[in-house]
Amino acid sequence: MDKLKSSISSKAKEDASLQASQLLNETLEGIGMALNGDDNLRKEMIGELGPINAIISVKTDDESIKTTIVIDDGKFSIKKDFCDSYADATLIFDSVEEFDNYINADSDEAIRMFLASRVRLEGNQSIFGYVNYLISLLSWQDDVKAFDIQKNIHNKQNLKAAENITDNGRKMKHNRISTRLRAEKIDKGVKWLDEPFLSKYTIDDFPRLVKFKNDHLNTTPEITAEQGKLLTDYFVANGFETQKDGTPWNPILRTAKGFEYLMNNKKPVIRKNDLLAGTVTPNPICGSVNQPYTVGWSIWAELNTIPYRELDPFTITADTKNTLSRYVFPFWRDKYIQQKWKNDFDYPLSAKINDRMFCFGLWGLVSLNPGSGGYDKIVKEGLGSYIEEIDRNLLKYSKSSAKYQKENIDTKHSWEAMKASLNGMLAYTKNLAKITKDELETESDPKRRKELKQMYSSLQQVPERPARTLHEAVQSLWIMFIGTCLDAMDESITIGRLDQILQPYFEADIKKLPLNEREEYIEYAIELVGSLFLRFTNHLIAAATVASWQNSGAPGVTSITVGGVTSDGKDAVNDMTYIVLKVAEILSLNDPDMDARYMVGVNSTDYIRRVAELNYITNGTPSIHNDKTIIESLTNHGWDIRDVREWVSCGCVEPIIHGKHFAATGDLDSNLMVPLTMAIYNGYHPSAKWDFGPKTGEVSDFKTFDEFYNAFEKQFEFIYKNAMEASQQILKVQQYLMPAPLNSAMLENCIKDGVGMTHGGAKYNSSGGAFTALSDVVDSLLVIKKVIFDDKKYSFDELKEAMDANFEGFKTLHTYISNKVPKFGSGDESGRIMVDRVTTMIADYMHSHDNGRGGVYFAGYRTNNNHTVYGRVSGASASGRLAGKPFTSGLTPNPAASNNILDNLNDIASINPLNCDNNYTFNVRVSFKEKDDESHKQNVDHLANYIQTYFVNGGMQIQCNVVDSDTLKDAMAHPKLYPDLIARVSGYTGYYTRMQQDLQLEIIGRTEFKI
Amino acid sequence: MSFRQPLIADIKGNSFEDGPGIRSVIFFKGCPLDCVWCHNPESKKLEAELWWDVEKCINCGECIEVCSNKAISLNNPFFVDRQKCNLSFNCLDVCPSNALSIVGRRMSVEEIVEKVIKYKPFFDSSGGGVTLSGGEATLCIEYISLLLKRFKEEGIHTLLETAGLFDFDKFVKLLLPYLDMIYFDIKIIDNLKHKYYCGVSNEVIFDNFSKLLEKTKTNEFELLSRTPLIPRITDDESNISSIVKFYNELGINKAILLLNNPAWLHKIDKLGQTRQFNMDHPIKKFYDDKKKKKLMDYFLKHDIEIAFG
């Protein structure tokens, strides 16, 4: 991430006698001479819209090192021994020693130092990226060498770790597929499938899907500049802050006009031989979007090296690189959410906390997290009816009094904005129809001609008018998906209940067919849904390497939900449920993210067996949710049960109401260990080396456990007060920069009231908190309560001293606290009482705070990969966890809690679901004996029994990785043999072999219940 | 009614191997047999025992200070001098790693029910229940009668694993009404060999088995026999053919074979007991797959369906 490092490192190798300051200055002088002396390189400092100026300071906290880089009018210079308080960004080292460590660190260690805030960046990260980009123009080859060295080290380590494996899982998947289950027709809603599990099909029956899947697995995605370039073109021509005539833009109208221009001018693409027209990016297989409003800039520093990096590499053309670095990124350098937040709110404390990466990560900086628009309604009614409704509203407005019009001008603009964005969708569809026709004219293969004709016919109908066939429905969905990606960040877009959306069209089609053509039609339906799945893999978010560590292997996370109950509480499982599950099985993709709802007693046990079997065959998908508890947690807010029953999983696992709810479920992703640590250290945070919290007392002052708990609660409130303040400031910035007119139009009430979603226009509003480290916090509190206050075995001072020393020299104490106190997940009542106390405290606080658009905050426990990220920056815990070690994912108990999975299941199921309205993830690895053909059925039954009972007991969510440690080690050592081995991280699914090594090891370190 | 409260060696919460469905297994301590291959050596003795796990021990020495008989020494490779240990169990509380633990705790019927009942929803969904194992549960027949009765009151499926040496009349009166299933061990047919390897005669055992089989015609319970396959001891040709003959005579067409699993051997050290087999004895290896297949075919040839446990 930081390209300065490699230049300084090579300088240090040249001349070992240089002191830190000298080394830094001489390196920078060298860089300046090289950049200034070459016309081509100088051009990089002059963008297409004018010189790209920047001021970057580098210093240690004590300022014993300080120097400032100035890029002005195409010239790179430095100011020695000077730290500019007006610098765009400042790179800060803890100490001179850390500076030296950093220079000598390998690339992994350098990132770890950033993640541990031993090196940190304050200010405008985009501009810091720009300066790094300039430096890497000179040194990128050194970086590539360093990548190769690091890759080799990883390969060697992985091979060594797998040395003694005798029983690997190379044939595991093959065996599991070859013994798959059959089923009778049981579910009432299944009318057309004679064998609902569709066990006779494998992917090989669908050559088109085989080809597309291979393309997906074997093609490096491309960085594309289309969205950034077209939006920049539009705003250069029409003004951004104000319009060309000087009048201020209404923000939502501005965004909509930019979007409309983008959709009008976006290149229409049909992938060769695809059944669906349209792509998110110009690359037919996979491209990155690089949203300029959010994190598009974050690859600026890496434009030269991104094809060579180990994690998430992308190809990039010279033209794209030039467009992004000299045109798009400079234009948006202050116009992205994070920087505008810092500028508008005077770099508040919450932004400083956020920059240090140890405490919270506010997803609102990255994405609107728009959730799930009403795709079902659009498919059913067509965009035309939306536009008509807007026109009616506008007409009514134009006939109202001048006073009314003046007071409600924003409403008018919101309608106009929504209409413009919908028109953009229709324009894009027209362009797609045109190229379909062109292709049809040159295509001679009769089979393909038939497909193209169908595509053309669908594009004439949808998304403007109601869909009539399955193809029209899927095509309509896909086009709308493209729009929602480009409207407000291509991330966590939730399609929702795909089985419910498509079933009427499937039925309409198949009904018309004679009996002997129905089987072929079912195969067609599988292929069509499979093509849709593979279209979702068409886009990725390109982000900095540090993000690849943070959310390692995460794709765009498009969520699809199946099963559960209908709005009137009846069994919703239908033919399309099983078709979607079959597609998920044969494709085994990292994206879309599959979620299965299960209502015990209403959905059949055959259905949950099929869901369990999917998990068994694919290792890691789907995520399985308890309909009953989730519905309870949402109706608790007084919401209409008929709406709540239409909930879908969004982002990772968060329940939101399809088409009616703006949930921003990732608003407060955070590290719950921070307030506990600060309660032990009286407001100070030792690994951040920062004294910023309230003074709640030294540990020796606490006379009872409750006194200590109160201190924890105070620190908690301090941290989350800041986080909520930040979330609402960021909302204001979103209202200005990314008010999402298209996503708004798709949510119920926004058109009716003329209010966009960021202003609270949706029918339901909430924001989500997701807390990492719950089980370790609870275990720590259990130790403090029992060992210090109840048994008085050790004093709090002793424990703190041991934690300071990372338990070195405190072996007996460390062993004692690790083994003698029952943990959460052990089945002991003390764990249940403590987890209830903590989750109730959190939920009460969250539920009593307004989120700025008429909703409250929800509480949940899914962690993405934050459990490793935050583990790395957290010192030793009172539970006995060592410094830097990962927390458990989601709210999964510590592996040492119990070797009996039932204890884990029971303790989690005991948590009050009303405290977890943002859901949680319970991740375990289970490995089964797979001795013979009978094993498959037995194992699936065991898994289904666990899930069913856990849900009866009140559990909300479970996701299993059905794979043993040896197989994972073998996959790390021989990644090519496991191209589609997927693993659940915490809420998202990724290809295991492509994950960052620390996360791979964390997954191996998870509890493995051998069954 | 007064009776001896037995020692419980362990309660295992999530077993798929001791009967149908998800089961909790209660291991009773004490056994009238003394099989040389016993897979649960910690359940053999009637008395509580001290368990020492070398892998967990951190050599902190906290236990030495509290040992009233000075039986523990860091220099002793077995850690505990079993001759000196008076089983005061003072060392358990201070041991930070739980390397020292007790095998055998007295528990009331209600304590056991409380431990197990929390898994009942899992039993219900999977068709599982509770299995009494050991040791030999029937040593405390009055106690387990009450225990089984309580399980039945809770609607829990019950299974007894027994070596078969019990008072038949008492068994029928006190246990049979509350049992859904019995796994009955048939180990060695030759009585001399049985005495040699298992320490007791097999006459009563086989007699009990035949009588129980009769009872299956009138009472509602399922009886399945099990034979542990112990290399060179129970799996030789003559014993297997005698078992087959025995089954054929009784008209039995379904039985269980238990595969030898060497995982138990390490338990011997933790109890401070001496080893009985030399290092290259096949009992120290996992059971051979080919042999397993051959045996299954042999049984099938004689109309006996085999399940492996």
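In order, the protein sequence lines correspond to chains A and B. Under our numbering, the residue at position 989 of the first sequence is numbered 2173, and the numbers go up by one with no gaps. Under our numbering, the residue at position 76 of the second sequence is numbered 721, and the numbers go up by one with no gaps. The C-beta atom is built at its ideal place from N, Cα and C for all residues, glycine as well. Values in this document were obtained by computation on a predicted structure and should not be read as measured data.
Here's a check: name, in chain order, each residue in its chain whose Cβ is nearer than 6 Å to the Cβ of residue i, leaving out the five neighbours to either side.
i       : result
B/I671  : I656 and L777
B/F796  : V775 and T803
B/M646  : Annotation note: pLDDT 46 at B/M646 (below 50); position unreliable, coordinate value reported separately. Taken in chain order, the list of residues that qualify is empty.
A/V1837 : S1807, R2046, N2103, T2105, Q2141 and G2171
A/A1367 : P1380, F1381 and D1790
A/F2112 : N2123 and I2195
A/A2157 : N1342, L1343 and A1346
A/Q2181 : H1338
A/L1208 : T1251
With which residues is residue i paired in a DSSP beta bridge?
i       : result
A/P1839 : A/S1833
B/W697  : B/L745
A/H2196 : Chain A is shown only over 1185 to 2195; residue 2196 of chain A falls outside these bounds and no answer can be derived.
A/G1953 : A/L1852 and A/A2043
A/A2143 : First, the residue type needs correcting, since residue 2143 of chain A is Gln and not Ala in the sequence shown. DSSP lists A/N2107 as partners of A/Q2143.
A/K1428 : Answer is none; A/K1428 lacks a bridge partner.
B/A952  : B/I901
A/M1541 : Answer is none; A/M1541 lacks a bridge partner.
B/F672  : B/D655 and B/S778
A/N1787 : A/V1784
A/K1243 : A/K1250 and A/I1276
B/L927  : Reading the sequence as shown, one finds Pro at residue 927 of chain B and not Leu. Paired residue(s): none; B/P927 is not in a bridge.
Select from the options the residue whose C-alpha is nearest the C-alpha of residue i.
i       : options                               : result
A/D1974 : A/I1619, A/F1889 and A/A1929          : A/F1889
A/G1353 : A/Y1477, A/L2165, A/K2194 and A/P1647 : A/L2165
A/L1716 : A/L1459, A/R1781 and A/E1675          : A/L1459
A/G1545 : A/D1981, A/K1587 and A/Q1734          : A/Q1734
B/D814  : B/I885, B/N898 and B/F854             : B/F854
B/L910  : B/R871, B/I653 and B/H926             : B/H926
A/E1816 : A/T1805, A/E1565, A/E1830 and A/M1987 : A/E1830
A/A1204 : A/V2169, A/K1250, A/D1256 and A/I1239 : A/K1250
A/R1510 : A/V1315, A/R1793 and A/F1876          : A/V1315
A/G1307 : A/N1220, A/N1359 and A/D1528          : A/D1528
Give every residue of the same chain whose Cβ lies closer than 8 Å to the Cβ of residue i, excluding the five residues on either side of it in the sequence, and list them in chain order.
i       : result
A/T1668 : P1554, G1557, I1677, L1926, N1927 and M1930
B/V699  : F724, A744, D914 and K915
A/T1620 : I1454, A1461, L1636, M1639, Y1640 and L1643
Output needed for residue i: all residues of its chain with C-beta closer than 7 Å, excluding positions within five of it in sequence on either side, in chain order.
i       : result
A/L1437 : H1597, E1600 and A1601
A/R2016 : D2091 and S2094
A/M1185 : Reliability of the predicted coordinates at A/M1185 is poor, the pLDDT of 45 falling under 50, and no value is obtained from them.
A/M1941 : F1846, A1924, N1927, S1928, L1931 and C1934
A/I1319 : K1187, L1188, S1191 and I1215
A/F2003 : The question names Phe, but residue 2003 of chain A is Asn in the sequence shown. The answer is none, since no qualifying residue turns up.
Nearest-angstrom Cα distance between residue i and residue j?
i       : j       : result
A/N2122 : A/E1494 : One point to set straight first is that residue 2122 of chain A is Gln, not Asn, in the sequence displayed. Looking at the two C-alpha atoms, the distance is approximately 40 Å.
A/L1578 : A/G1737 : 46 Å
A/T1426 : A/Y1477 : 17 Å
B/E859  : B/I901  : 19 Å
A/D2148 : A/Y2162 : 14 Å
A/I1483 : A/S1310 : 9 Å
B/G917  : B/N735  : 18 Å
B/P766  : B/G772  : 10 Å
A/V2110 : A/Y2130 : 11 Å
- [ ] Write down every uninterrupted run of the beta strand (DSSP E) in the region 1249-1307 of chain A whose length is 3 residues or greater and which is fully enclosed by it, in chain order.
- [x] Taking only runs of at least 3 residues, the beta strand (DSSP E) segments lying wholly in the region 1249-1307 of chain A are 1250-1256, 1259-1264, 1273-1277 and 1303-1307.
Task: chain D contacts made by the region 734-766 of chain B, where a contact means CB separation under 7 Å - done: Looking for chain D here will not work: the only protein chains present are A and B.
Task: Secondary structure, alpha helix (DSSP H): runs of 4+ residues fully inside the region 795-852 of chain B - done: Fully enclosed alpha helix (DSSP H) runs of 4 or longer: 836-843.
Open item on the list: Which runs of the beta strand (DSSP E) at least 3 residues long sit entirely within the region 2004-2090 of chain A? Give them in chain order.
Closed with: Taken in chain order, the unbroken stretches of beta strand (DSSP E) that lie wholly in the region 2004-2090 of chain A and span 3 residues or more are 2040-2044.
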